[in-house]
Every structure is written in structure tokens, then in C-alpha cells.
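Protein chains in written order, with my numbering: chain A, 9 to 265; chain B, 9 to 265.
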């Protein structure tokens with residue numbers, strides 16, 4: 009399947025599940041939709057915190073068309089599952105937000121880790137949660153994001169256990185992809201960044217650490233969800249976890265060089 | 009002189025000239041100040057056009073303190089010369105904008121080419137306009153920027169004649185500095201980007217091309233000034249050309265790696 013075919017399947021309501029592996033080799037993104045009144049604060053929050061919040065595209069106000077990432081797409085219908093928030097509270101999970109759309113909405117598409125995980129695998133670096141068909145473990149750290157206007161909150165990270173002999177390689181490989189979270193933010197002792205127990209992630213599933221492996225931590229897009237839940241904008245739409253937007257852009261196109 | 013001393017001299021009204029060479033080794037920036045109502049469109053314009061408009065810092069609304077680039081600075085008084093615009097028209101050139109300040113203003117600090125010119129010189133690449141103590145020649149191209157809201161306009165470039173044997177080196181050196189315009193946008197024939205005659209720049213001074221030299225073109229911060237003059241915001245403040253903001257950040261700190 010190519011990205012257009014996948015989006016048509018989703019738009020027709022024939023695919024409502026997670027998007028990992030649905031199309032191979034194309035960038036998938038997080039979605040955050042906010043009223044225009046909140047858009048500057050959010051864009052500034054992303055600009056000040058580019059590792060957790062790498063902005064790949066922002067639509068014009070009112071438009072649901074991501075003209076650069078997928079010009080034939082409709083962001084109101086082409087994700088398999090959305091979450092609707094009122095005043096920061098989750099009020100519904102739906103498969104189409106056409107009837108919730110408003111002319112003052114701005115859509116933000118943010119890079120996600122699927123792209124760099126493919127790059128890790130290609131470089132011979134194993135990715136534990138993929139081996140086990142689990143969700144990646146995610147943790148709230150004690151590292152504050154740089155606040156911006158009404159947005160603030162802690163950095164959320166994802167963790168992958170990496171064989172000691174491949175840790176440097178993992179840094180090198182992911183550093184090439186700053187637009188999908190890039191190089192790790194921490195290597196080693198989880199307590200240094202405020203994580204008490206790796207076996208109890210704040211989001212996702214725990215994964216086992218094997219001998220001669222080091223925990224490596226990358227900035228995670230869930231950071232924006234925590235910031236949103238604290239800022240409590242009057243209205244917001246996001247993708248449902250794992251139910252991403254599939255773009256026409258190949259993974260390699262967002263590499264640095 | 010260090011950056012704090014230079015800013016104090018400027019704040020006291022004892023330096024009202026251009027800032028090139030005033031302090032060595034520190035990043036200097038362009039300044040654009042806009043009402044909050046225009047801030048989202050402008051930040052989005054910069055995000056969509058990062059080569060001409062590399063955003064280094066955005067202040068909180070109403071604040072004149074760039075907390076990351078120079079926490080003891082006052083953007084209303086620490087630049088030697090400012091330009092004030094009403095409805096896109098230049099109405100005054102002043103050395104202090106304290107009395108023009110408003111609580112709804114947002115300040116944008118954008119990278120400038122001084123940093124990569126130092127890097128070129130350090131790498132043994134000559135910079136003609138510096139040798140001749142002239143302003144760099146700048147040209148309006150036929151390449152449109154990606155519009156954003158009310159902002160649109162052509163890409164403006166600066167040109168430096170580079171000895172043929174050093175062109176690749178010049179690309180490599182400046183590519184390390186994406187936050188101060190980065191790698192060139194064009195090498196060679198000026199007509200390919202809509203420039204009819206190198207001896208008649210749209211801004212700055214012409215410089216001679218010598219034998220065995222190639223014109224190399226970099227994205228230029230004047231792009232924002234052209235976009236501003238077309239968008240005609242009700243109110244805007246910018247630095248006067250060449251009269252930049254001096255930060256506490258060393259040139260090397262904005263290099264990529």
C-alpha cells in the first residue's frame with residue numbers, strides 16, 4: 009500500500025486501528041489541532057522545545073490540508089482515530105472530526121519516533137518493544153520544558169534498552185533525524201532525569217532490560233499531550249495514541265544530511 | 009569588550025554606529041518586533057522559511073528581555089539604532105524605543121551572517137565585502153518564500169564571490185550554521201534565481217568578481233524586511249541595517265555539531 013491508498017482506506021472507515029507498519033518507509037506524524045487563539049503559544053512552545061516537539065507542518069487557519077506533507081489529504085478524516093478535548097478534558101474518541109471542525113482551527117503535525125526506529129533497525133540496532141510487539145515505555149522526567157505563554161510541563165521521554173556496544177551507533181543514527189526527535193536526551197541512570205523505576209512507565213508498556221544493555225532515553229511527542237492537559241485550551245483535537253497521520257514524505261527525506 | 013560592556017555603551021547612547029566588529033566572537037541578531045496579533049503569522053513564516061528567517065529567540069509577549077540569548081539585556085535600548093514602521097511605512101529611525109514600547113509586543117531575534125562570515129575567514133575562505141569594508145551585496149530573487157497568513161514575498165539573498173577551489177569548502181563551513189542562514193541556496197549563474205546583473209544589487213554595495221571566482225548566494229535576513237513591507241502590519245520595530253543586537257552566545261554555540 010502507498011500512503012494515498014492507506015489514507016483512502018482510513019477515510020472510508022475501513023481501517024480504524026494503529027498505523028505502525030501499515031505503510032512502510034513513510035513519515036507518520038502526531039496531530040495537534042487548536043483554535044487560532046492558542047496557536048501562537050503552541051508554536052512557540054514547540055520552537056522552544058524542538059526535541060520533544062519537532063514541527064513538520066502547520067496548516068493555514070481553517071484548512072485541513074497539509075499542503076507540504078500530503079496535498080491530497082484531509083486531516084479531518086484521514087487519521088484512524090482522534091481524541092477531542094474540552095477545557096483539557098478528554099470528551100470523546102472518534103474516527104472522523106469533520107462535524108467538529110471550525111474555521112478558526114490550526115493543525116500542527118509533529119514528527120514521531122517511527123522514522124528513527126526504522127533507521128535504528130536498518131543500522132542493526134535492536135528495538136526491544138518492537139521485538140515484543142508492545143508500545144514503547146514512556147516516562148515523565150524531572151526536566152521542565154521551556155514554557156511558552158500558557159504552555160508548560162515536564163519533558164516526557166521514551167526508553168529503549170540498547171546493547172552497550174551499540175549505544176554510540178544509536179546516538180549517531182538518530183542524530184541524523186532531528187525532525188523526528190533526533191539524538192537521545194540521556195544515556196544511562198534513569199534517576200538522573202527523575203525516573204524512579206523503569207518497570208513502571210507513565211505511558212506505554214514496560215520492556216525487560218537484558219545484561220550488557222544501557223537504557224537510552226529520547227524526547228517523546230507525549231510531552232505535548234501533557235502540556236495540553238495542563239494548559240486546558242477551550243477546545244483541542246489530537247490523534248489517538250498510535251493512530252498517526254501517514255504522510256507522502258519518505259523517512260529519508262527528513263534526515264539531516 | 010565583552011557583550012555586556014558593549015550593550016551598556018549602546019544603552020548609554022555612547023555607541024550609535026554599526027555593530028560589525030564591535031565585539032568579536034559573539035552572535036549578533038536581527039530584531040523584528042510586532043504586535044501579538046501579528047506574531048503567529050510571523051513565527052509561522054519563519055518556520056516555513058528557516059533559511060532566510062532562522063529564529064534564535066522569541067520573547068514572551070510584552071517582555072523586552074531575551075532570557076536565553078542575553079538575560080541582562082533590554083531590547084528597547086540595547087541596539088544602537090532602530091526603525092519604526094506604521095502600516096509598513098518607515099516613520100522614524102531612533103536610538104531608543106522605550107517610549108514606543110507596548111504591552112502587546114513580541115520580539116523576534118533572528119540569526120545573521122556575521123557568524124558564518126567569521127567561520128569562512130577562519131577556514132581560509134576570503135570574504136570580498138569585508139576586504140573592501142563595504143556592505144554585502146543583496147538581491148531580490150525570483151524564488152518565492154512559502155507564504156504564511158499575511159506574510160509573503162520573494163527570497164532575498166546575499167552574494168559572496170568565492171575562489172572556485174574553495175566553493176565546496178564554503179558550503180561545508182556554512183552548512184554547520186543552519187541557525188545563521190546555513191548552507192548557500194545557489195552556486196553560480198545568477199540568472200537562474202532571477203538576478204539580471206550582479207553589479208546592481210537591490211540592497212548593500214556591489215563588489216567585484218575576480219577571475220576564477222564563482223558567485224555564491226546565501227539566504228538573507230532582509231527577506232523578512234521585504235515581507236514586512238508587503239504585509240503592512242499596523243506597527244513594527246526592526247533594527248536599522250547593520251545595527252544589530254549583540255548576544256551573550258558565542259558563534260560556536262550556534263553551530264550544528
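Cβ coordinates follow ideal geometry from the N, Cα and C atoms, glycine included.
Rounded to the nearest whole angstrom, the C-alpha separation of residue 128 of chain A and residue 179 of chain A is 10 Å. By the rule that beta-carbons nearer than 7 Å mark a contact, residue 47 of chain A touches chain B. Remark: C-beta atoms of residue 30 of chain A and residue 14 of chain A approach each other more closely than 7 Å. Apart from sequence neighbours up to five positions away, the residues of its chain that approach residue 239 of chain B with a beta-carbon distance below 6 Å are 158 and 159, ordered along the chain. Within the same chain, Cβ atoms closer than 6 Å to the Cβ of residue 214 of chain A are found at 145 and 207, the five residues on either side in sequence being excluded. Within the segment 114 to 183 of chain B, the complete beta strand (DSSP E) segments of 3 residues or longer fall at 146 to 152 and 162 to 171, listed in chain order.
The C-beta distance from residue 28 of chain B to residue 122 of chain B rounds to 6 Å, short enough to fall under 8 Å. The segment 66 to 73 of chain B and the segment 108 to 118 of chain B touch, with three or more beta-carbon pairs separated by less than 8 Å. In this structure residue 164 of chain A is buried. Its beta-carbon is surrounded by 16 or more other beta-carbon atoms within 10 angstroms. Of all alpha-carbon atoms in A:42, A:201, A:34 and A:192, the one lying nearest the alpha-carbon of residue 108 of chain A is that of A:42.
Contact note: residue 257 of chain B does not reach chain A at a C-beta cutoff of 8 Å; the least C-beta distance is about 15 Å. Within a 10 Å sphere around the beta-carbon of residue 205 of chain B sit fewer than 16 other beta-carbons, which makes this residue exposed. Membership of residue 48 of chain A in the alpha helix (DSSP H) is indicated by the continuous run 44 to 56. Contact between residue 91 of chain A and residue 83 of chain A does not hold, since their C-beta atoms are separated by about 14 Å, which reaches or exceeds 8 Å. By a beta-carbon distance limit of 8 Å, residue 133 of chain A does not contact residue 193 of chain A. Their separation comes to about 17 Å. At the C-beta level, residue 161 of chain A and residue 234 of chain A come within 7 Å of one another. Cβ neighbours of residue 124 of chain B within its own chain (closer than 6 Å, five residues either side excluded): 182, 185 and 188. Taking CB atoms only, residue 181 of chain B has no neighbour in chain A less than 7 Å away.
When the Cα atoms are used, residue 88 of chain A and residue 140 of chain A turn out to be separated by approximately 23 Å. Runs of the alpha helix (DSSP H) lying entirely within the segment 21 to 106 of chain A and spanning at least 4 residues, in chain order: 44 to 56. Residue 249 of chain B carries a coil assignment under DSSP once its states are collapsed to helix, strand and coil. Close to chain B, meaning a Cβ-Cβ distance shorter than 7 Å, are the following residues of the segment 53 to 64 of chain A: 55 and 63. Neighbours of residue 39 of chain B across chain A, judged by C-beta separation under 7 Å, do not exist; the nearest C-beta is about 17 Å away.
Counting only residues of its own chain and dropping the five nearest sequence neighbours on each side, residue 135 of chain B has a CB closer than 7 Å to the CB of 125, 128, 129 and 168. Residue pairing by DSSP places residue 254 of chain A opposite A:36 in a beta bridge.
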